[in-house]
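Report on the structure given below.
Protein chains in written order, with the numbering used here: chain A, 673 to 1019; chain B, 673 to 1019.
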């Protein structure tokens, strides 16, 4: 079989895995599109979702996996435990599904303090309760000291697709309105400040939170939602690029409508980061037909996690595959996908 | 909430995670029973299965997760890729279910050769094809050099419980016959020889293989099967202890009926290991009512992976919770669960 003989990624050009392969940006996509999809390829995998959807007795189930390698393990606003539970809940929610069950795989480094593991486990329990889901199966492995980094957690989840929902990154249409449920950059900046030891004047905390509640509210208003996506690794900029390529449409963002807290904006200036590329862990992008946008926005704003929600742009038939941002003075620039690794191990 | 205040494992006695917490033996059980079950506890988790079973529209689905940290990554007879696919297929099969879909979570260390990743991916593809299942969703993370050990893979799987099957470690009954589908110790000794650089006269290779085919054959004979279990970490000895405690029965094994290849027996003597405690990755233990044992054994022996299958013991109402082994000269001794970490990072 010739796929065995030749690695589909040219080894002379990319001899080893780099941190950028885990960034969620260009090299992550390279690995997925050149290696994983050709090898494992099937109709369900090819959808390009954060999760797969399959049917059991006519019922659609959503299925998604995520491993968490965040460093440091404890950070302002959360820890690797609630992050791992919320992250998989959110990927299921972005399939238009209600999360039901999670599995948990712990990979522990020899020497991890027992008390730290307990704090993480308690956070997972509380996050599961908050979102109304159950952790029903698990696995624990231990690696020798120096062969891991304290703790890695895989969470995999199953949810039931909400009746009538048809969500896919391929579904967005020219004219769609793009709603963002809150401020961007909080998670990435919280991690970065914890990692660098920089203390900002005001306390910036991770936005880690479950999105299933807000998704339920959206579907109470209408089933006519095209795309749901949480902008994690690679931030809003990378997520927008993925979606406009999947749907073969263009996206126009309006810079002055994108909510960024003054604290995050200030920290980004100090750290030389662009909030558009920074990971979020409790924010949702909603692509909805323009006619439905106002009632959906109102429903989101009524939810406790959505009071900073805003319309940040729209979808166009022009420049398919390209994201453009118009600035407050009316100029416009192209927003690319993340290249390199602006912030490794952010989740 | 007082569970937050006090770690349920006394920190003065167990201040940190040790390799033995990942061995599958006594300390692994300690972690699961004292920490994870009380924290995450629910009816599905409490079953004590390798997987959980839940219902969708009246259809029972089996759900199980496993992370693979085997070292070295490539070993005689396989690599971490086919091991990860087969391992989760086997845990689903041991729920009496037909595996359908897998998710894959890669945790890669910066610097992993691209060609090594490709070899692993090809093995996973081939293992999935062999077992007739699909890999439908995935995730990739990268950790910085020195914070991982080449590659860790999580696989999580979903299967449909075979109509009429009712498999649980709680189901074994006095009088049940215990069938083992082949020789023990092959996987663990293959890893150990690769790790230590010892070369044995004859080539010992891992038995990594999918068990769904053999489980299908068993259920063609009868649905009256009580327990199915693949004796991985901790080996046959530990698995037997788990089952007899779950079902509150005693187990009697007959030493001279347990198949061990002469090569593995010889290697174990050199390495000072007991084959009863060594991990297997393609063997199945079947607990079946005595009346059904002969046709089940015949069906297993007809399967290509089952030609060394044998009846190795039976279940008794005497000494509940205790595994005894009778030797060829008629004496009898207690077989305990694995303590410590005879072979860390075996899967």
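We put the beta carbon where it would ideally sit given N, CA and C, even for glycine.
Being a predicted model, the structure only gives us computed values, none of them experimental.
Cβ distance (whole Å) where residue i is taken to contact residue j below 8 Å
i, j, result
"residue 800 of chain B", "residue 806 of chain B", "7 Å"
"residue 736 of chain B", "residue 722 of chain B", "6 Å"
"residue 971 of chain A", "residue 983 of chain A", "With a Cβ gap of about 13 Å, residue 971 of chain A and residue 983 of chain A do not count as contacting."
"residue 960 of chain A", "residue 848 of chain A", "6 Å"
"residue 739 of chain A", "residue 813 of chain B", "5 Å"
"residue 957 of chain B", "residue 905 of chain B", "Incorrect: roughly 14 Å between the Cβ atoms, too far for contact."
"residue 851 of chain A", "residue 969 of chain A", "6 Å"
"residue 815 of chain B", "residue 821 of chain A", "6 Å"
"residue 778 of chain A", "residue 793 of chain B", "Contact flag wrong, Cβ pair sits at about 24 Å."
"residue 700 of chain A", "residue 693 of chain A", "6 Å"
"residue 680 of chain B", "residue 710 of chain B", "6 Å"
"residue 667 of chain A", "residue 841 of chain A", "Past the boundaries of the shown model lies residue 667 of chain A; chain A is included only from 673 to 1019, so the question cannot be answered."
"residue 823 of chain A", "residue 745 of chain A", "6 Å"
"residue 747 of chain A", "residue 866 of chain A", "4 Å"
Opening and closing residue of the alpha helix (DSSP H) in which residue i lies
i, result
"residue 935 of chain A", "934 to 943"
"residue 816 of chain A", "Premise fails: residue 816 of chain A is in no alpha helix (DSSP H) and is neither H nor E."
"residue 712 of chain A", "709 to 712"
"residue 995 of chain B", "No alpha helix (DSSP H) contains residue 995 of chain B, which is instead part of the beta strand (DSSP E) from 995 to 998."
"residue 760 of chain B", "752 to 765"
"residue 867 of chain B", "858 to 868"
Same chain only: Cβ atoms within 8 Å of residue i, ignoring 5 sequence neighbours per side
i, result
"residue 674 of chain A", "Residue placement at residue 674 of chain A is poorly supported in this model, since its pLDDT is 46, which falls under 50; the coordinates still yield a value, given next. There are no such residues."
"residue 896 of chain B", "960, 961, 964"
"residue 977 of chain A", "853, 854, 881, 883, 885, 886, 954"
"residue 742 of chain A", "752, 755, 863, 1017, 1018, 1019"
"residue 917 of chain B", "993"
"residue 732 of chain B", "725, 726, 769, 832, 833"
"residue 868 of chain A", "943"
"residue 990 of chain A", "922"
Opposing strand residues paired with residue i [DSSP bridges]
i, result
"residue 988 of chain B", "B:922"
"residue 899 of chain A", "A:959"
"residue 785 of chain A", "B:688"
"residue 977 of chain A", "Looking at the DSSP assignment, residue 977 of chain A forms no beta bridge with any residue, so it has no partner."
"residue 809 of chain B", "B:775"
"residue 929 of chain A", "DSSP lists no partner for residue 929 of chain A."
"residue 982 of chain B", "B:852"
"residue 891 of chain A", "Partner(s): none; residue 891 of chain A has no beta bridge."
"residue 770 of chain A", "A:832"
"residue 780 of chain B", "B:814, B:823"
First and last residue of the uninterrupted beta strand (DSSP E) at residue i
i, result
"residue 826 of chain B", "823 to 833"
"residue 700 of chain A", "Unbroken run through residue 700 of chain A is the alpha helix (DSSP H), 698 to 703; no beta strand (DSSP E)."
"residue 738 of chain B", "731 to 740"
"residue 725 of chain A", "724 to 728"
"residue 849 of chain A", "849 to 852"
"residue 1005 of chain B", "1004 to 1007"
7 Å Cβ shell around residue i - same chain, five flanking residues per side excluded
i, result
"residue 884 of chain B", "761, 765, 770, 771, 803"
"residue 1000 of chain A", "927, 928"
"residue 932 of chain B", "855, 856, 857, 947"
"residue 1013 of chain B", "691, 692, 695"
"residue 890 of chain B", "897, 958, 968, 971, 972"
Residues near residue i by beta carbon distance below 6 Å, same chain, minus five either side
i, result
"residue 831 of chain A", "734, 764, 769, 770, 771, 772"
"residue 795 of chain A", "751, 753, 754"
"residue 992 of chain A", "920, 921, 922"
"residue 828 of chain A", "737, 775"
"residue 870 of chain B", "none"
"residue 809 of chain A", "775"
"residue 940 of chain A", "947"
"residue 706 of chain B", "680, 681"
Chain C residues whose Cβ lies nearer than 7 Å to that of residue i
i, result
"residue 707 of chain A", "Here the protein chains are A and B, and chain C is not one of them."
task: Assess, as a yes-or-no matter, whether the region 854 to 872 of chain A is touched by the region 940 to 951 of chain A under the definition of 3 or more beta carbon pairs within less than 8 Å.
output: Judged by Cβ distances under 8 Å, the region 940 to 951 of chain A makes contact with the region 854 to 872 of chain A, as three or more pairs qualify.
query: Hey, is the region 900 to 911 of chain B in contact with the region 996 to 1009 of chain B, meaning 3+ C-beta pairs nearer than 8 Å?
result: Short answer: they touch.
- prompt: Counting pairs of beta carbons, one from the region 773 to 788 of chain B and one from the region 684 to 692 of chain A, are three or more of them closer than 8 Å?
  reply: These segments touch.
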